[in-house]
Amino acid sequence: MSAPPQHTGGRLALAAVLTALAAAGCSGGGGSAQSSPVSDTGTPTGGQPASAAACSAPPSGDIGASPTSGQDFSSSEPDASALALSDGERRSLTGGTVTKTGDSSSEDQSSFTGLNAAVLAPGGARLGLSGTTITSTGTGANAVFATGTGSLIQLQDVTITAGGSLAHAVMATAGAAVTGANLTMETTGERSSAVATDRGGGEITLANATARTSGERSALVYSTGQITACNLAGASGAAEAVVVEGANAAAVTASDLTGATAGARLYSSTPGGTGGGSFSMTGGTLTARSGDAVLIEGVSGQVNLSNQAQLQADAGILIHATQGAQGSANLSETTLTGAVGADAASSLDLSLTADSVIEGTLDNVGLTLDNTSSIRLDADSTATTVAGALVSGNRISNITGNGHTLTYDPSASGNSYLAGRSYDLQGGGTLQPAAETGEGG
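According to mature numbering (1 follows the signal peptide of the UniProt record, and there is no 0), the residues represented by the sequence shown are -22 to -1, 1 to 419, in order.
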């Protein structure tokens, strides 16, 4: 991305479309679909990326134009689009191809306004594409680009391939929106995330799609606005699966995503910026091949995991707050197996509800348990606070020690009910104040 954009929020003209799409199961919450496995190439190994029943196609919405079919569009001119609507134009197309070659003269304008995009809907324009194949090749040759408040592109059964640096598959800026269902997306260039927003934010809502990226710094999802995906499967070949920049959001439901580095990363591109966003995951699986499954880096980021969302980190930890981050993670009906923690300059507050479990190691976390949730340690661990421990006499029933020690900070106000004492844990082990060992929490 080229600059630290800002999200402008929703638009009344598009509210009906986005509300209906959310009701179809793509709001990032709810849904109980089981996910199919995904190969390292981002291709679902069992057909659909996840249960299609959980993610209905988006409604047709009000494009305001009768569809025409079989048209082909092409451009090889620099800075020119193959299919460009004028401000406020309405158009609906079925079938056909869109082919764009040639480089942009301005990387910034390609990222912000859609200069050189294959398909461009600016200034309140609305475009519907169904059964179309879109191919773009060139620097700044984004494939599908909507920009400006009230602008809308609706995609159905569309195949998108973008090659070249700064060439995304689907992009929205300046308050525009894109909705899509049954999409196949691939990008091959650097800084070419498959699904992205940029300056001024935007909203992208997808259902039943596959994505693959192979370039450096090319995530599957890069949000500087609001990106929501249901039943999305894919893998990035050289970057994270999901990136949330600044105070923005990404939410995935019943999706299987793999990052070559981290799984999801929350950060700010603004030097000294601490405003963080959110990443929400309902069901599905997020895998990190060479980093942390969820990395909160220097911002006050929030992570929400529900409905048995699964995190996997091949060479890192599951949730990690670093570089002065103030992170929070909320688990509902979810079991995580692995390490969760914060570095010495950061904090991470964990809240477990609705039968949630962490099986693994805790490092410098604030812990809150409801009376249905529990911790099962596999190594000595530390916590700043331990709220919600079920204490009976000298024993705690909702933390299983397996012979290990959980050390807490007796001076923290949230620990006053523990009275600075040590307690026996289920399965052996001890909850003990830091003063007994001289260790910090």
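Cβ coordinates follow ideal geometry from the N, Cα and C atoms, glycine included.
Based on Cα-Cα distance, which residue from the options lies nearest to residue i?
{"i": "G224", "options": "T117, T248, T339 and A271", "result": "T248"}
{"i": "A357", "options": "N282, T315 and S114", "result": "T315"}
{"i": "I413", "options": "V281, L403, A397 and G407", "result": "The sequence shown places Ala at residue 413, not Ile. The residue with the shortest Cα to Cα distance from A413 is A397."}
{"i": "I336", "options": "S233, F123, G319 and L98", "result": "G319"}
{"i": "A211", "options": "A232, S143 and H382", "result": "A232"}
{"i": "L368", "options": "G381, T360 and Y401", "result": "Y401"}
{"i": "A293", "options": "Q49, L347 and A266", "result": "A266"}
{"i": "L235", "options": "N372, S389, S170 and Q290", "result": "Q290"}
{"i": "T202", "options": "R177, T191 and G193", "result": "R177"}
{"i": "D321", "options": "R243, G305, G407 and E67", "result": "G305"}
{"i": "I138", "options": "G126, R169, A154 and V173", "result": "V173"}
{"i": "D387", "options": "T360, T408 and Q280", "result": "T360"}
{"i": "Q301", "options": "G180, S246 and G255", "result": "S246"}
{"i": "T111", "options": "T127, K78, A207 and G407", "result": "K78"}
{"i": "A124", "options": "G118, G73 and A155", "result": "A155"}
{"i": "A185", "options": "T191, Y200, G179 and T162", "result": "T162"}
{"i": "E311", "options": "M259, S114 and G109", "result": "M259"}
{"i": "D85", "options": "D57, A219, L63 and G109", "result": "Sequence check: residue 85 is Glu here, not Asp. Checked all of D57, A219, L63 and G109; the closest Cα to E85 is D57."}
Residue i to residue j, Cα distance in whole Å?
{"i": "E164", "j": "V136", "result": "12 Å"}
{"i": "T313", "j": "S196", "result": "29 Å"}
{"i": "Q87", "j": "L93", "result": "6 Å"}
{"i": "A43", "j": "A189", "result": "29 Å"}
{"i": "S295", "j": "S352", "result": "Note that residue 295 corresponds to Ile in the displayed sequence, not to Ser. The alpha-carbon atoms of I295 and S352 are separated by roughly 19 Å."}
{"i": "L(-2)", "j": "D327", "result": "A caution first: L(-2) carries a pLDDT of 42, below 50, which makes its placement in the model unreliable, though a value can still be read off. So the two alpha carbons sit approximately 32 Å from each other."}
{"i": "T239", "j": "G371", "result": "46 Å"}
{"i": "Q49", "j": "S59", "result": "15 Å"}
{"i": "F51", "j": "N342", "result": "57 Å"}
{"i": "A228", "j": "L130", "result": "19 Å"}
{"i": "Q12", "j": "N209", "result": "Caution is warranted here: a pLDDT of 32 is assigned to Q12, below 50, making its placement in the model unreliable, and no coordinate value can be reported."}
{"i": "A134", "j": "G158", "result": "In the sequence under discussion, the amino acid at residue 134 is Gln, which differs from the Ala named in the question. If you take the alpha carbons of Q134 and G158, they lie about 6 Å apart."}
{"i": "A323", "j": "T362", "result": "13 Å"}
{"i": "S391", "j": "P411", "result": "13 Å"}
{"i": "D394", "j": "R354", "result": "For the record, residue 394 in the displayed sequence is Ser; it is not Asp. Roughly 23 Å between the two C-alpha positions."}
{"i": "G237", "j": "S268", "result": "8 Å"}
{"i": "G279", "j": "N226", "result": "10 Å"}
{"i": "F257", "j": "V281", "result": "5 Å"}
{"i": "I297", "j": "Q288", "result": "12 Å"}
{"i": "residue 420", "j": "L244", "result": "Outside the displayed range of the chain (-22 to 419) lies residue 420, so it cannot be described from this structure."}
{"i": "H382", "j": "S325", "result": "22 Å"}
{"i": "Q286", "j": "L330", "result": "12 Å"}
{"i": "D81", "j": "A99", "result": "19 Å"}
{"i": "G107", "j": "E55", "result": "One point to set straight first is that residue 107 is Leu, not Gly, in the sequence displayed. Distance between the alpha carbons of L107 and E55: 23 Å."}
{"i": "V16", "j": "L309", "result": "In this predicted model, V16 has a pLDDT of only 35, less than 50, meaning its place in the structure is not dependable enough to derive any value."}
{"i": "T175", "j": "A303", "result": "23 Å"}
{"i": "G147", "j": "A299", "result": "Reading off the sequence, residue 147 comes out as Ala, not Gly. Rounded to the nearest angstrom, the two C-alpha atoms are 30 Å apart."}
{"i": "D348", "j": "G261", "result": "21 Å"}
{"i": "S10", "j": "A213", "result": "In this prediction, S10 scores a pLDDT of 32, lower than 50, which makes its location untrustworthy; the coordinate-derived value is nonetheless stated afterwards. Rounded to the nearest angstrom, the two C-alpha atoms are 22 Å apart."}
{"i": "S14", "j": "G215", "result": "Any reading at S14 is ruled out, since the residue's pLDDT is 34, under 50, leaving its predicted position unreliable."}
{"i": "T171", "j": "S375", "result": "Here residue 171 turns out to be Ser, not Thr, going by the sequence shown. Cα to Cα, the separation comes out at about 46 Å."}
{"i": "S143", "j": "L384", "result": "48 Å"}
{"i": "Q132", "j": "G255", "result": "26 Å"}
{"i": "L340", "j": "A317", "result": "6 Å"}
{"i": "V76", "j": "S83", "result": "21 Å"}
{"i": "T277", "j": "G253", "result": "It is worth fixing the name first, because residue 277 is Val in this sequence and not Thr. Approximately 6 Å, taken between the alpha carbons."}
{"i": "L273", "j": "R399", "result": "33 Å"}
{"i": "A1", "j": "S389", "result": "Residue placement at A1 is flagged as unreliable, the pLDDT there being 44, under the threshold of 50; the coordinate-derived value follows with that caveat. Distance between the alpha carbons of A1 and S389: 46 Å."}
{"i": "G8", "j": "V230", "result": "Note on G8: pLDDT 34, under 50, position unreliable in the model; the coordinate value appears next. Each residue's alpha carbon lies about 11 Å from the other."}
{"i": "G344", "j": "V364", "result": "6 Å"}
{"i": "residue 423", "j": "A187", "result": "In the structure displayed, the chain extends from -22 to 419; residue 423 sits before or after that span and is not available."}
Name the one or two DSSP bridge partners that residue i has.
{"i": "S52", "result": "T77"}
{"i": "D57", "result": "Its beta-bridge partners do not exist; DSSP assigns none."}
{"i": "N308", "result": "N282 and S329"}
{"i": "P388", "result": "DSSP output for P388 lists no bridge partner at all."}
{"i": "D402", "result": "R373 and T408"}
{"i": "R68", "result": "R104"}
{"i": "S214", "result": "T191"}
{"i": "A62", "result": "L98"}
{"i": "L161", "result": "A187"}
{"i": "I336", "result": "L314 and I353"}
{"i": "Y200", "result": "A174 and V221"}
{"i": "E181", "result": "A155 and Q204"}
Quick one: measure Cβ to Cβ for residue i and residue j, integer angstroms, because I've assumed they're closer than 8 Å.
{"i": "P45", "j": "L71", "result": "6 Å"}
{"i": "D65", "j": "G101", "result": "3 Å"}
{"i": "A121", "j": "A140", "result": "4 Å"}
{"i": "F90", "j": "T166", "result": "About 22 Å; that fails the 8 Å criterion."}
{"i": "G379", "j": "G405", "result": "6 Å"}
{"i": "A332", "j": "T346", "result": "Not quite, the Cβ-Cβ distance comes to about 13 Å (not below 8 Å), so this is no contact."}
{"i": "G128", "j": "E168", "result": "With 8 Å as the limit, G128 and E168 do not qualify as a contact, their Cβ atoms being about 32 Å apart."}
Check whether the Cβ of residue i lies closer than 8 Å to any Cβ atom in chain D.
{"i": "S334", "result": "Here there is only one protein chain, and chain D is not present."}
Practice item. Could you tell me which uninterrupted beta strand (DSSP E) segments, each at least 3 residues in length, are contained entirely in the region 339 to 381, listed from first to last along the chain? Key: 343 to 347, 352 to 355, 359 to 365 and 373 to 378
Practice item. Within the region 97 to 139, note down every full beta strand (DSSP E) run reaching 3 residues or more, in order along the chain. Key: 97 to 100, 104 to 108, 111 to 115, 122 to 125 and 130 to 134
Practice item. Scan the region 234 to 300 and note each continuous beta strand (DSSP E) run of 3 residues or more that stays entirely inside, going in chain order. Key: 234 to 237, 242 to 245, 256 to 260, 263 to 266, 272 to 275, 280 to 284, 288 to 291 and 297 to 300
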